[in-house]
Amino acid sequence: MSSGKRHHPKKSLGQNFLVDGNLQRKIVEALDPGPEDEILEVGPGKGALTRHLVGQSRALVLVELDDDLAADLAREMQGRSDVRVIHRDILEVDLQKLSSRIDRLKVVGNIPYNITTPILFHLLKRPRPLEIVLMVQKEVAERILAPPGTGAYGALSVGVRSVAEVERIVRVPASAFRPIPAVDSLVVRVTPLRPAPLSEAEEVELRTLTRAAFQQRRKQFQTILRHHPDLNLSMAKVARLEEATAFDLRARPETFSPQDFLSLSRALATL
Numbered sequence: 096m097s098s099g100k101r102h103h104p105k106k107s108l109g110q111n112f113l114v115d116g117n118l119q120r121k122i123v124e125a126l127d128p129g130p131e132d133e134i135l136e137v138g139p140g141k142g143a144l145t146r147h148l149v150g151q152s153r154a155l156v157l158v159e160l161d162d163d164l165a166a167d168l169a170r171e172m173q174g175r176s177d178v179r180v181i182h183r184d185i186l187e188v189d190l191q192k193l194s195s196r197i198d199r200l201k202v203v204g205n206i207p208y209n210i211t212t213p214i215l216f217h218l219l220k221r222p223r224p225l226e227i228v229l230m231v232q233k234e235v236a237e238r239i240l241a242p243p244g245t246g247a248y249g250a251l252s253v254g255v256r257s258v259a260e261v262e263r264i265v266r267v268p269a270s271a272f273r274p275i276p277a278v279d280s281l282v283v284r285v286t287p288l289r290p291a292p293l294s295e296a297e298e299v300e301l302r303t304l305t306r307a308a309f310q311q312r313r314k315q316f317q318t319i320l321r322h323h324p325d326l327n328l329s330m331a332k333v334a335r336l337e338e339a340t341a342f343d344l345r346a347r348p349e350t351f352s353p354q355d356f357l358s359l360s361r362a363l364a365t366l
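First residue of the sequence shown: 96, per the numbering used here; consecutive thereafter.
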């Protein structure tokens with residue numbers, strides 16, 4: 096898949112290419128492509144995963160930002176009616192326009208470390224795909240998976256796990272890439288909850304609550320609820336919230352699970 100010139104990885108695009116064939120196959124196996132599936136690959140690069148995906152599904156969409164790599168992919172896939180190459184930034188792509196049934200769409204990708212969180216939340220916009228299998232920086236994956244009460248637990252943990260289940264698939268050492276990055280990676284499977292536990296309006300309220308809570312994570316939750324400018328609850332409302340949820344709001348927000356945040360957000364909407 097080459098135009099004849101060697102591609103030099105671009106630091107500006109966070110390019111590190113997975114060269115370990117065994118790990119490539121494990122990632123595709125985790126996605127489990129089927130003949131009726133539609134698949135979106137984010138940042139296919141030189142096609143390490145792409146070559147394992149071609150011919151495995153009803154439709155394969157490749158979204159690549161790099162000019163040269165997108166051109167190479169388009170040349171290689173020319174003539175294949177089941178593969179489409181889109182030369183764009185995934186953050187500017189509306190997933191609904193890529194798929195006839197977004198609730199059946201499977202997403203896979205090795206995404207750049209420097210924009211992992213924006214891409215993940217972009218993929219989790221409603222309506223959400225069926226499944227997302229991503230290779231991300233190990234530290235970011237551990238933050239997503241972190242249990243309450245730990246240092247890694249925070250807004251990212253709650254933001255993802257309040258709308259999706261997350262599963263650790265496989266660790267990918269830095270040595271599996273070229274060029275070799277400074278950190279290891281983890282492959283995670285993110286499966287959006289169906290039906291969604293909150294309405295769109297409730298999800299906006301949950302994000303406001305979560306952001307406020309973890310901006311002041313060392314304070315008691317009741318103090319944050321009363322004094323954060325985005326919340327400003329009266330003492331009476333905090334008391335009613337505590338009664339409605341049976342939570343001890345003297346605790347710090349970092350001790351509340353994603354499900355606890357869901358319960359608090361729902362209760363707040365009724366005050």
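Even for Gly, the Cβ is constructed at its ideal location relative to N, Cα and C.
The continuous beta strand (DSSP E) containing Met230 extends over residues Glu226 to Gln232.
With contacts defined as CB atoms closer than 7 angstroms, Ile206 and Gly138 qualify as a contacting pair.
When DSSP states are grouped into helix, strand and coil, Ile134 belongs to the strand group.
In chain order, Val333, Leu344 and Arg345 place their CB closer than 7 angstroms to the CB of Gln317, counting only its own chain and leaving out the 5 sequence neighbours on each side. Between Leu168 and Leu157, the gap from beta carbon to beta carbon is short of 7 angstroms.
With fewer than three CB-CB distances shorter than 8 angstroms, the segment 291-305 does not count as touching the segment 271-279.
With a cutoff of 7 angstroms on beta-carbon distance, Ala339 and Leu326 are scored as not near each other. Boundaries around Pro287 are those of the beta strand (DSSP E), Ser280 to Pro287, since no alpha helix (DSSP H) includes it. By the neighbour-count criterion, in which a residue is buried when 16 or more other Cβ atoms sit within 10 angstroms of its Cβ, Gln119 is buried. When DSSP states are grouped into helix, strand and coil, Asn209 belongs to the helix group. Residue environment: Gly129 is assigned as exposed (fewer than 16 neighbouring CB atoms within 10 Å of its CB, all protein chains considered).
Counting only residues of its own chain and dropping the five nearest sequence neighbours on each side, Ala165 has a CB closer than 7 angstroms to the CB of Glu159, Val180 and His182. Counting the other CB atoms within 10 Å of its CB gives Leu301 a total of 16 or more, which places it among the buried residues.
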